[in-house]
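Written out below as structure tokens is the structure these notes cover.
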């Protein structure tokens, strides 16, 4: 009994220290997502994560935005300027409230989605390797229908990463699903970045949007997939009866199957 209490006490102290260390860190992180979903051609999406205290926001960067690689001692980072977008695709995390909000789209419709940060059950392995001069540890998880592996470094005490990933004792450097469809890579980090902390909030362009649950969004996505499949079948039947050429409408899959 005493041993269990001691272990729980140690875990609490460790979490408390990690929480406070990360709360003191401020900066920007850049990631590149490479998508090979089997529907469209390989796509690359660059993003920037602003983080300060217990909050962060990741914003997708426009394709025509050029990045400048800058070396600063042992660190190299990407200097970027975020162009204002009417409704940017973003992921907002509030670790103090365990809350997550993000935007995603189904065809041309953009949704504001509310979720939780308490989603990942990580298995931290003993595997180590060096990535971008950081000593990294491999961790795995199964999340909403997909298996993922990530490599994180405790050299940067920021328990964060790209997209929804978080909750490890260090910054995620690489994250990918085991099917090879989604691959995130760190492309830069700047712990000396100067920015207005007000940027770490839900973008104003979403102020009139009503947030829906993750379950609601996935249900809407699956409904649209079914509707497109029905349209495709009807088109094929019309074509086989001597009508015009058939067409197939396929939506790209989401990282979350469930």
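Residue numbers (our numbering): 852 to 1109. Note that the Cβ used here is the ideal one computed from N, Cα and C, for glycine as well.
Exercise. Nearest CA to the CA of residue 1005: which residue from 998, 987, 1014?
Worked result: In the chain shown, residue 1005 corresponds to position 154, counting from 1. The residue with the shortest Cα to Cα distance from residue 1005 is 987.
Problem set entry | Burial state of residue 1101, where buried means 16 or more other Cβ atoms lie within 10 Å | For the purposes of this step, residue 1101 is identified with residue 250 of the chain shown, where counting begins at 1. So residue 1101 ends up on the exposed side.
Exercise. Hey, how far is the Cα of residue 1031 from the Cα of residue 886?
Worked result: Your numbering for residue 1031 matches position 180 in the chain shown. Your numbering for residue 886 matches position 35 in the chain shown. The alpha-carbon of residue 1031 is positioned some 8 Å away from that of residue 886.
Exercise. Residue 884 by DSSP, collapsed to three states: which one?
Worked result: As a position in the chain shown, residue 884 is number 33, starting the count at 1. Of the three classes helix, strand and coil, the one that applies to residue 884 here is strand, per DSSP.
Exercise. Going by alpha carbons, who is nearest to residue 1065 out of 876, 893, 938, 951?
Worked result: Residue 1065 sits at position 214 when you count from the first residue of the chain shown. Of the candidates 876, 893, 938, 951, the one whose C-alpha sits nearest the C-alpha of residue 1065 is 951.
Exercise. So the beta strand (DSSP E) residue 970 belongs to, where does it begin and stop?
Worked result: Taking the chain shown and counting its residues from 1, the one referred to as residue 970 is at position 119. Looking at the DSSP string, residue 970 is not in any beta strand (DSSP E), and its letter there is neither H nor E.
Exercise. Taking the alpha-carbon positions, what's the residue 1018 to residue 1011 distance?
Worked result: By one-based count along the chain shown, residue 1018 stands at place 167. By one-based count along the chain shown, residue 1011 stands at place 160. Rounded to the nearest angstrom, the two C-alpha atoms are 7 Å apart.
Problem set entry | Reduced DSSP secondary structure (H/G/I, E/B, other) of residue 1012 | As a first step, residue 1012 must be located in the chain shown, where it is residue number 161. DSSP places residue 1012 in coil when its eight states are reduced to three.
For this session: Going by DSSP, name the residue or residues bridged to residue 911.
Result: As a position in the chain shown, residue 911 is number 60, starting the count at 1. According to DSSP, residue 911 bridges with 898.
Problem set entry | Cα-Cα separation between residue 1025 and residue 1001, rounded to whole angstroms | As a working note, residue 1025 is residue 174 in the chain shown. As a working note, residue 1001 is residue 150 in the chain shown. Going from the Cα of residue 1025 to the Cα of residue 1001 covers about 5 Å.
Problem set entry | Element boundaries [beta strand (DSSP E), containing residue 1040] | One-based indexing of the chain shown puts residue 1040 at position 189. Note, residue 1040: beta strand (DSSP E), 1033–1041.
Exercise. Can you round the beta-carbon distance between residue 1103 and residue 966 to whole angstroms, since I take them to be within the 8 Å contact cut?
Worked result: The sequence position of residue 1103 within the chain shown is 252, counting from 1. The sequence position of residue 966 within the chain shown is 115, counting from 1. The Cβ separation is near 20 Å, so there is no contact.
For this session: Starting from residue 890, trace the beta strand (DSSP E) both ways and give me its first and last residue.
Result: Looking up residue 890 in the chain shown gives position 39. Boundaries for residue 890: no beta strand (DSSP E) harbours it, and the DSSP string shows neither H nor E there.
Exercise. Do residue 901 and residue 1050 have their CB atoms nearer than 8 Å?
Worked result: Stepping through the chain shown from its first residue, residue 901 is reached at position 50. Stepping through the chain shown from its first residue, residue 1050 is reached at position 199. Contact flag set, yes.
Exercise. In the DSSP assignment, what are the bridge partners of residue 990?
Worked result: Taking the first residue of the chain shown as 1, we reach residue 990 at position 139. DSSP, once it has assigned bridges, lists 975, 1001 as partnering residue 990.
Exercise. Ordered along the chain, which non-local residues of its own chain (more than five positions away) have a Cβ less than 7 Å from that of residue 1056?
Worked result: Taking the chain shown and counting its residues from 1, the one referred to as residue 1056 is at position 205. Cβ neighbours of residue 1056 beyond the five flanking positions: 937, 938.
Exercise. What's the C-alpha gap between residue 957 and residue 993?
Worked result: Along the chain shown, one-based indexing puts residue 957 at 106. Along the chain shown, one-based indexing puts residue 993 at 142. Each residue's Cα considered, the two are about 24 Å apart.
Problem set entry | Residue of 974, 944, 997, 1038 minimising C-alpha distance to residue 898 | What you label residue 898 is simply residue 47 of the chain shown in a count that begins at 1. For residue 898, the nearest C-alpha among the options comes from 1038.
Exercise. Taking C-alpha atoms, which residue in 1022, 999, 997, 998 lies nearest to residue 1008?
Worked result: The residue labelled residue 1008 in the question sits at position 157 within the chain shown. Nearest option by C-alpha distance: 1022.
Exercise. Near residue 1045, which residues of its chain fall below 8 Å by C-beta distance, leaving aside the five closest residues on each side in sequence?
Worked result: Stepping through the chain shown from its first residue, residue 1045 is reached at position 194. Excluding residues within five positions, none has a Cβ falling inside 8 Å.
For this session: Compare the C-alpha of residue 911 against each of 905, 892, 891, 884 and name the closest.
Result: For this step, residue 911 is matched to residue 60 along the chain shown. Closest option to residue 911, Cα to Cα, is 884.
Exercise. Taking DSSP as the reference, what is the three-state secondary structure of residue 878?
Worked result: Within the chain shown, residue 878 is the residue found at index 27, counting from 1. Looking at residue 878 - three-state DSSP - the assignment turns out to be strand.
Exercise. Which value, in whole angstroms, describes the spacing of the CA atoms of residue 942 and residue 1015?
Worked result: If you number the chain shown from 1, residue 942 lands on position 91. If you number the chain shown from 1, residue 1015 lands on position 164. Each residue's Cα considered, the two are about 7 Å apart.
Exercise. Just how far apart, CA to CA, sit residue 949 and residue 1106?
Worked result: The sequence position of residue 949 within the chain shown is 98, counting from 1. The sequence position of residue 1106 within the chain shown is 255, counting from 1. Here the C-alpha atom of residue 949 lies approximately 21 Å from the C-alpha atom of residue 1106.
For this session: Given a cut-off of 8 Å, decide if residue 1028 and residue 999 are closer than it, judged by their beta-carbon atoms.
Result: By 1-based counting over the chain shown, the position of residue 999 is 148. By 1-based counting over the chain shown, the position of residue 1028 is 177. Yes, the pair counts as a contact, with Cβ atoms nearer than the cut-off.
Exercise. Which residues share a DSSP beta bridge with residue 1026?
Worked result: Along the chain shown, one-based indexing puts residue 1026 at 175. For residue 1026, which the question treats as bridged, DSSP gives the partners 1001, 1035.
Exercise. Can you name, in chain order, every residue of its own chain whose Cβ lies under 6 Å from the Cβ of residue 974, other than the five neighbours on each side?
Worked result: Residue 974 sits at position 123 when you count from the first residue of the chain shown. Closer than 6 Å at Cβ, skipping near neighbours: 991.
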